[in-house]
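Colleague: Here you go, one structure.
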Amino acid sequence: MTLLDGIAMFGDALYRQKWSLVAAVLAIYLARKFVVYYRLRHLKGPWGSGFTNFYHTRNILGLQVPKWYRDMNHKYGPIARIGPHSLVTSDPDVWQHVNLKAGYTRAGWYYTGARIEYNRDNVFTETDNKEHDRIRKMIAPGFSGRENLELESQIDARLTELITLVRSKYLSTESRIVPMDLASKMQYLTLDVISTVGLGKPFGMLASDADEHGFLQSTAAGLLINNTFMGLGLSWLAQTRLGHLLAPKSTDATGFGKMIGLTFQFINERAANPTNVRSDMLASFIRHGLADDELRSEGLEQVVAGSDTTAAALRGTMLYLMTHKRVYAKLQAEIDANPSPPPPPPPPPPGVAEQSSSSIISIAKAKQLPYLQAVIREAMRVWPPVANLFPRATPPVGDTVMVDGQPIYLPGGVDIGYCALGIHHSKRVYGDDADAFRPERWLVEKDPDRLANMIRVNDLSFGHGRWGCLGKTVAQIELGKTIFELLRNFDWALIDPTNPWSASNVYGLFLISDMWVEVTARR
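Residue numbers for the sequence shown, in our numbering: 80 to 602.
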């Protein structure tokens with residue numbers, strides 16, 4: 080018998096047994112699905128979530144997934160199953176435990192898809208804990224403010240530009256309304272702030288009152304693409320050669336690639352010059368050992384992460400103020416009770432060192448205004464500016480967490496994520512009116528233990544443990560100063576209260592646009 084005859088006989092035998100083979104393959108497939116389902120059988124979720132990611136995918140693509148996470152926890156308990164291997168928790172104690180206990184890591188399916196550069200991780204996307212901790216140790220001093228002595232004056236300079244822009248172009252009067260898109264102006268502010276404090280000079284968006292290079296539009300488009308790939312489980316494609324060919328390049332003339340190019344240009348210029356006389360973030364990064372690709376990657380990450388999130392917090396705070404007359408009036412009264420400095424001077428010409436403006440409230444004074452701080456904390460609670468799932472992979476040996484005094488076992492090889500709306504709207508933590516915007520809750524609570532717990536849970540907005548937000552200090556300075564100055568200098572009203580903005584959630588970030596407001600000068 081020849082070799083060809085043998086192959087023919089084998090093929091004939093396989094054909095005769097085709098249905099047996101199909102049945103065997105199907106049985107193996109179902110057995111594997113059952114094993115996956117069985118490991119988390121003790122945790123409830125929507126029908127079929129133990130076998131398919133369909134529900135999770137559908138809601139990710141629907142661009143409102145944080146609300147779905149909240150609904151799942153309300154319906155199925157503090158830990159709900161949202162996919163064969165995926166859980167989401169609205170229990171702040173569980174989430175804090177997950178972020179502190181050794182053995183948990185970032186879930187690769189989510190964080191790898193969040194990479195900005197082809198096959199390069201940064202401090203946000205790194206899933207290896209040791210590597211993450213190494214990078215974080217080098218860049219943390221630059222974010223703390225201790226090594227950036229000009230941090231506050233740099234923020235003051237950009238805020239002065241914003242106030243000057245509003246006064247010069249967007250003031251409305253009784254005879255004429257001049258609509259202003261507050262959504263874009265807040266993004267201009269935060270991008271110019273983070274490029275100033277991080278890279279040494281602003282992108283210049285406030286000065287030109289324009290997104291000249293299409294940063295905002297291209298960033299939104301890129302996030303939508305990443306969100307779609309992540310929802311469909313195709314994020315790995317972005318790390319192939321095909322993804323590399325389609326991704327934005329630092330040589331692009333416009334869009335997100337242009338932002339990458341400008342950021343790299345600023346970094347390369349600084350890296351080539353001595354840094355001992357500079358005290359910004361980039362100088363700190365260099366002093367602590369970052370160089371070359373790592374320096375560029377971390378510099379780019381801080382620009383992306385430090386602008387969208389703070390802009391979302393500013394927009395949310397302003398929206399809740401404009402839609403709550405009592406709170407607005409009470410905050411403005413507190414602001415007016417403080418001495419009013421003269422109007423801010425124009426920004427210095429290019430090349431002239433920026434000095435702290437005496438007309439902008441100091442952060443030390445802003446922190447002493449209790450109602451201002453309560454408003455910001457409450458706005459961050461009811462509208463968490465970042466609602467990422469932030470999934471953590473369980474230790475290989477599994478882990479046991481406590482929920483309402485009962486132990487719940489989480490096997491190895493699954494991931495558990497963060498339900499922002501569930502945690503920050505918790506009635507157990509904040510009371511029966513947890514869904515309402517009431518800044519006074521931070522001032523009238525008499526039980527010190529309950530208040531301390533409220534603050535602890537609220538601070539989870541900035542992450543926790545080794546994965547806590549490095550930009551927290553910068554964000555808090557921006558929020559305190561900006562909200563104070565916007566209400567001290569101007570009166571604000573929504574053009575269309577029935578449709579205040581366009582908002583969608585993409586990869587956990589809120590894309591907000593068309594927040595049209597009427598601004599009038601205060602005497």
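Ideal Cβ placement from N, Cα and C applies to all residues, glycine included.
Quantities reported herein were computed from a predicted structural model and do not represent experimental measurements.
(1) For my contact list, Ile455 and Thr396 are in at a C-beta cut-off of 8 Å; report their separation, rounded to the angstrom.
(2) For Asp212, is the classification buried or exposed, using 16 other Cβ atoms within 10 angstroms of its Cβ as the cut-off for buried?
(3) Tell me which residues share the same chain as Gly385 and place their Cβ nearer than 6 Å to its Cβ, disregarding the 5 neighbours each side in the sequence.
(4) In the DSSP assignment, find the unbroken alpha helix (DSSP H) run with Trp521 in it and report its ends.
(5) Report buried or exposed for Tyr610, applying the criterion of at least 16 other Cβ atoms within 10 angstroms of its Cβ.
(6) In chain order, what residues of the same chain lie with their CB nearer than 7 Å to the CB of Gly221, ignoring the 5 residues before and after it?
(7) Please report whether the beta-carbon of Met259 lies at a distance below 9 Å from any beta-carbon of chain B.
(8) Could you have a look at Val596 and say whether DSSP puts it in helix, strand or coil?
(9) Quick one, which of Gly378, Leu316 and Gly322 has its alpha-carbon nearest Leu341's?
(10) Give the secondary structure of Leu285 by DSSP, where H, G and I count as helix, E and B as strand, and everything else as coil.
(11) Report all residues from its chain with a CB closer than 7 Å to the CB of Glu433; omit the five preceding and five following residues, and keep chain order.
(12) How long is the line joining the alpha carbons of Asp638 and Gly559, rounded to whole angstroms?
(13) Take every Cβ of the stretch 390-405, pair it with every Cβ of the stretch 253-269, and state whether three or more of those distances are shorter than 8 Å.
(14) Which whole-angstrom value is the C-beta distance of Leu398 and Trp580, which I expect to be below 8 Å?
(15) Among Ser247, Arg255 and Ile346, which residue has its Cα nearest to the Cα of Pro281?
(16) Consult DSSP for Gly496 and reduce its assignment to one of helix, strand or coil.
(17) Met481 by DSSP, collapsed to three states: which one?
(18) Whole-angstrom Cβ separation of Trp657 and Ser314, contact assumed at under 8 Å?
(19) Pull the bridge partners of Glu570 from the DSSP assignment, please.
(20) Taking only the alpha-carbon atoms, compute the straight-line gap between Ile442 and Ile556 and give it to the nearest angstrom.
(21) Which class does Val167 belong to by DSSP, given the choice of helix, strand or coil?
(22) Applying the criterion that 16 or more other CB atoms from any shown protein chain within 10 Å of the CB defines a buried residue, is Pro67 buried or exposed?
(23) Who are the Cβ neighbours of Gly310 in its own chain at under 6 Å, not counting the five residues just before and after it?
(24) So, does the stretch 471-479 touch the stretch 489-504, judging by three or more C-beta pairs under 8 Å?
(25) Verify whether the separation of the beta carbon atoms of Pro163 and Thr191 is less than 9 Å.
(26) With DSSP collapsed to three states, give me the class of Gln434.
(27) Mapping DSSP to helix, strand and coil, what is Tyr586?
(28) Are Arg215 and Thr204 touching if we call contact CB-CB under 9 Å?
(29) Roughly how many whole angstroms lie between the Cα atoms of Asp170 and Lys446?
(30) Can you have a look at Ala453 and say buried or exposed, based on whether 16 or more other CB atoms are within 10 angstroms of its CB?
(31) Which residue wins for smallest C-alpha separation from Phe343, given the options Asn352, Asp371, Ala181 and Val493?
(32) Report, in whole angstroms, the separation of the C-beta atoms of Leu119 and Gly129, which I expect to be a contact under 8 Å.
(33) Count the other CB atoms within 10 Å of the CB of Glu253; is the residue buried (16 or more) or exposed (fewer)?
(34) Quick one, which of Asn306, Ile158 and Arg246 has its alpha-carbon nearest Arg567's?
(35) Taking Cβ positions, are Arg470 and His503 nearer each other than 9 Å?
(36) So is Tyr586 buried or exposed if we call it buried at 16+ other beta carbons inside 10 Å?
Modeller: Walking through what the data contain:
(1) Correct: roughly 6 Å between the Cβ atoms.
(2) By the 10 Å Cβ count, Asp212 comes out exposed.
(3) Here the set comprises Ile273 and Gly550.
(4) Following the DSSP letters along the chain, one finds Trp521 inside the alpha helix (DSSP H) bounded by residues Arg520 to Val523.
(5) Because the chain in this structure spans residues 80 to 602, residue 610 falls outside the shown range and cannot be described.
(6) If we look at Gly221 and ignore the five residues flanking it on each side, its Cβ neighbours are Asn227, Met360, Ser363 and Phe364.
(7) The structure shown contains no chain B; it holds only a single protein chain.
(8) Here Val596 sits in strand by DSSP.
(9) For Leu341, the nearest C-alpha among the options comes from Gly378.
(10) Leu285 falls in the helix class under three-state DSSP.
(11) Model confidence at Glu433 stands at a pLDDT of 49, short of 50, so the residue's coordinates are unreliable; what they give is reported in the following sentence. Counting only Cβ-Cβ distances below 7 Å, and skipping sequence neighbours, we find Ser232, Gln233, Ala236 and Pro427.
(12) No answer is possible for residue 638: it lies beyond the span of the chain, which begins at 80 and ends at 602.
(13) Touching, yes, given that three or more Cβ pairs across the two stretches are closer than 8 Å.
(14) That pair is a contact at about 7 Å.
(15) Nearest to Pro281 by C-alpha distance, out of Ser247, Arg255 and Ile346, is Ile346.
(16) Here Gly496 carries a strand assignment [DSSP, helix/strand/coil].
(17) Looking at Met481 - three-state DSSP - the assignment turns out to be strand.
(18) Only positions 80 to 602 of the chain appear in this structure, which leaves residue 657 out of reach.
(19) Checking the sequence shown, residue 570 turns out to be Asp, not Glu. Thr599.
(20) Looking at the two C-alpha atoms, the distance is approximately 6 Å.
(21) Note: Val167 maps to strand in three-state DSSP.
(22) The requested residue 67 is not part of the displayed model; the chain covers only 80 to 602.
(23) Cβ within range, chain order: Thr136, Ile139 and Leu140.
(24) The stretch 471-479 makes contact with the stretch 489-504, as at least three CB pairs between them are under 8 Å.
(25) In this structure, Pro163 lies away from Thr191, with their beta-carbon atoms at least 9 Å apart.
(26) Because the pLDDT of Gln434 is 47, which lies under 50, any placement of that residue in the model is unreliable, and the question is left without a value.
(27) It is coil, neither helix nor strand.
(28) In terms of Cβ geometry, Arg215 and Thr204 do not form a close pair [threshold 9 Å].
(29) Each residue's alpha carbon lies about 29 Å from the other.
(30) When all chains shown are included, Ala453 counts as buried.
(31) The option with the nearest alpha carbon to Phe343 is Asp371.
(32) Rounded to the nearest angstrom, the Cβ distance from Leu119 to Gly129 is 7 Å, consistent with a contact under 8 Å.
(33) By the Cβ neighbour-count rule, Glu253 is exposed, with fewer than 16 other Cβ atoms within 10 Å of its own.
(34) Per the Cα distances, Arg246.
(35) Sequence check: residue 470 is Pro here, not Arg. No, they are not a contact pair.
(36) By the neighbour-count rule (16 or more Cβ atoms within 10 Å), Tyr586 is buried.
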